[in-house]
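Residue numbers (this note's numbering): 1 to 450.
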């Protein structure tokens with residue numbers, strides 16, 4: 001809730017470049033002294049600094065990519081649609097208010113997918129897939145320039161005001177830039193991740209407004225504030241119609257720009273500027289149920305995808321033995337189709353089934369980190385030995401918690417996997433970010449200290 005402006009002078013060795021969540025100069029000559037100003041008030045968690053041997057590649061007049069020299073062109077090409085995303089979001093929800101929007105590609109040890117630092121989103125290299133298949137992450141971090149950075153949750157109890165709004169905006173950006181078909185697939189995958197978390201979490205942590213008293217805020221980061229928050233906004237949108245909803249949401253950002261607010265203030269705004277004008281379609285009681293009750297209310301709008309209906313049919317035919325693995329027409333599948341295909345497999349597959357899939361579609365050697373993650377989970381569950389060398393290299397090369405923690409958890413559920421998990425963690429740990437190290441330690445070690 002406390003916001004500030006800042007100026008900074010950062011001194012480094014010559015040849016190194018400093019970048020911050022401020023007015024970075026793409027033409028900086030890396031003399032060893034960089035000066036920054038952030039004239040707009042931000043909360044403290046958004047002040048960020050990175051230093052490295054960095055080069056810059058432009059995407060547009062107001063956007064570009066900072067990365068190490070070996071990666072900067074590849075990253076620029078992967079994220080070349082960033083300007084189109086900015087334009088799309090401006091058309092929907094108002095002008096981008098931060099001047100430039102650049103991306104900084106972090107080392108593989110970065111524990112998050114991205115971090116929405118103003119003017120300079122920090123991005124994991126694990127989303128550089130070569131085909132723009134994982135750029136929804138860029139849409140997400142860009143969306144935070146409105147929902148989170150411009151209008152911020154005042155307390156961590158209200159995390160959903162940042163993340164639920166941002167996932168909703170991400171979905172709308174992806175639809176506008178890449179089409180409804182892709183947006184529908186991504187919405188279904190997000191909804192499935194929400195159902196998984198609701199099943200595993202304590203009921204009180206499946207509320208949007210959570211009680212954070214005496215708790216580490218990091219402990220309540222789950223898919224609930226993200227995907228349940230998005231689902232609430234989808235419910236409101238469908239109740240009043242997209243045109244009315246967009247008018248309210250654009251006004252919400254205008255009314256609260258560069259301010260922090262809590263859930264109570266959100267409800268006052270929603271009542272005043274939307275519900276009072278659409279009381280026959282939407283009530284405060286309906287919205288309050290979403291916020292204060294655990295789980296999902298009956299009013300949830302379940303996303304669907306015609307593409308996934310076809311994937312379901314093909315999976316069923318293969319599992320029933322009526323379709324050979326090499327006859328599955330997956331050569332043109334998107335990452336979303338592969339994730340849906342793999343994530344909805346039964347718990348147990350035979351070694352013969354795993355081998356057939358791998359031989360037909362080279363899943364053990366797939367370059368897409370998200371597909372590899374889903375395949376390696378199946379490999380652990382079914383002890384598919386040919387994939388274990390890839391599992392080891394994957395866990396040694398990546399520090400993104402979303403991708404590595406579930407693999408360690410799966411290993412620790414098996415007798416054979418426990419010693420492997422401990423041995424890999426001991427080797428990987430020195431290269432981990434402290435957040436990842438703490439998270440994995442609490443999975444693989446009997447006593448852990450985050």
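We treat Cβ as the ideally placed atom computed from N, Cα and C, and that holds for glycine.
The structure displayed is predicted, hence computed values, not measured ones.
Considering only residues of the same chain and omitting the five flanking positions on each side of residue i, which have a CB-CB separation below 8 Å?
{"i": "residue 196", "result": "223"}
{"i": "residue 348", "result": "381, 382"}
{"i": "residue 284", "result": "267, 270, 271, 275"}
{"i": "residue 451", "result": "The displayed coordinates of the chain run from 1 to 450. Any statement about residue 451 would go beyond what the structure contains."}
One question on the structure: do residue i and residue j come within less than 8 Å of each other, judged by their Cβ atoms?
{"i": "residue 124", "j": "residue 103", "result": "no"}
{"i": "residue 119", "j": "residue 99", "result": "yes"}
{"i": "residue 72", "j": "residue 16", "result": "no"}
{"i": "residue 85", "j": "residue 128", "result": "no"}
{"i": "residue 328", "j": "residue 282", "result": "no"}
{"i": "residue 67", "j": "residue 46", "result": "no"}
{"i": "residue 334", "j": "residue 193", "result": "no"}
{"i": "residue 158", "j": "residue 263", "result": "yes"}
{"i": "residue 388", "j": "residue 111", "result": "no"}
{"i": "residue 378", "j": "residue 342", "result": "yes"}
{"i": "residue 246", "j": "residue 376", "result": "no"}
{"i": "residue 146", "j": "residue 79", "result": "no"}
{"i": "residue 23", "j": "residue 37", "result": "yes"}
{"i": "residue 89", "j": "residue 41", "result": "no"}
Which residues in the same chain have their Cβ closer than 7 Å to the Cβ of residue i, if we skip the five residues on either side of it in sequence?
{"i": "residue 259", "result": "151"}
{"i": "residue 248", "result": "273, 274"}
{"i": "residue 293", "result": "207"}
{"i": "residue 109", "result": "399, 431, 432, 433"}
{"i": "residue 405", "result": "439, 440, 443"}
{"i": "residue 479", "result": "With the chain represented from 1 up to 450, any question about residue 479 goes unanswered, as that position is not in the structure."}
{"i": "residue 278", "result": "240, 244"}
For the alpha helix (DSSP H) that contains residue i, what are its first and last residues?
{"i": "residue 391", "result": "388-397"}
{"i": "residue 35", "result": "Run containing residue 35: none in the alpha helix (DSSP H); it sits in the beta strand (DSSP E), 33-43."}
{"i": "residue 430", "result": "Counting along the chain, residue 430 falls outside any alpha helix (DSSP H), and DSSP gives it neither H nor E."}
{"i": "residue 337", "result": "335-343"}
{"i": "residue 165", "result": "159-178"}
From what residue to what residue does the beta strand (DSSP E) around residue i run?
{"i": "residue 3", "result": "3-11"}
{"i": "residue 328", "result": "Where residue 328 is concerned, there is no enclosing beta strand (DSSP E), given that its DSSP letter is neither H nor E."}
{"i": "residue 152", "result": "151-153"}
{"i": "residue 51", "result": "49-52"}
{"i": "residue 67", "result": "63-67"}
{"i": "residue 17", "result": "17-20"}
{"i": "residue 259", "result": "259-261"}
{"i": "residue 279", "result": "Looking at the DSSP string, residue 279 is not in any beta strand (DSSP E), and its letter there is neither H nor E."}
Am I right that residue i and residue j are in contact with their C-beta atoms under 8 Å? What's the rounded C-beta distance?
{"i": "residue 117", "j": "residue 48", "result": "4 Å"}
{"i": "residue 181", "j": "residue 307", "result": "7 Å"}
{"i": "residue 374", "j": "residue 403", "result": "Contact doesn't hold; Cβ gap of about 10 Å is too wide."}
{"i": "residue 420", "j": "residue 411", "result": "6 Å"}
{"i": "residue 305", "j": "residue 188", "result": "5 Å"}
{"i": "residue 11", "j": "residue 35", "result": "Their Cβ separation, rounded to whole angstroms, is 10 Å, which puts residue 11 and residue 35 out of contact at 8 Å."}
{"i": "residue 336", "j": "residue 243", "result": "About 28 Å; that fails the 8 Å criterion."}
{"i": "residue 81", "j": "residue 135", "result": "7 Å"}
{"i": "residue 467", "j": "residue 190", "result": "Here the chain has residues from 1 to 450 only, and residue 467 is not among them."}
{"i": "residue 164", "j": "residue 232", "result": "6 Å"}
Who are the Cβ neighbours of residue i in its own chain at under 6 Å, not counting the five residues just before and after it?
{"i": "residue 162", "result": "148, 153"}
{"i": "residue 175", "result": "183"}
{"i": "residue 141", "result": "114, 116, 121"}
{"i": "residue 238", "result": "301"}
TODO: Determine contact between the region 420-427 and the region 381-400, defined as no fewer than three beta-carbon pairs at a distance below 8 Å.
DONE: yes
Task: contact_flag[the region 293-302, the region 202-216] where n(CB pairs < 8 Å) is 3 or more - done: yes
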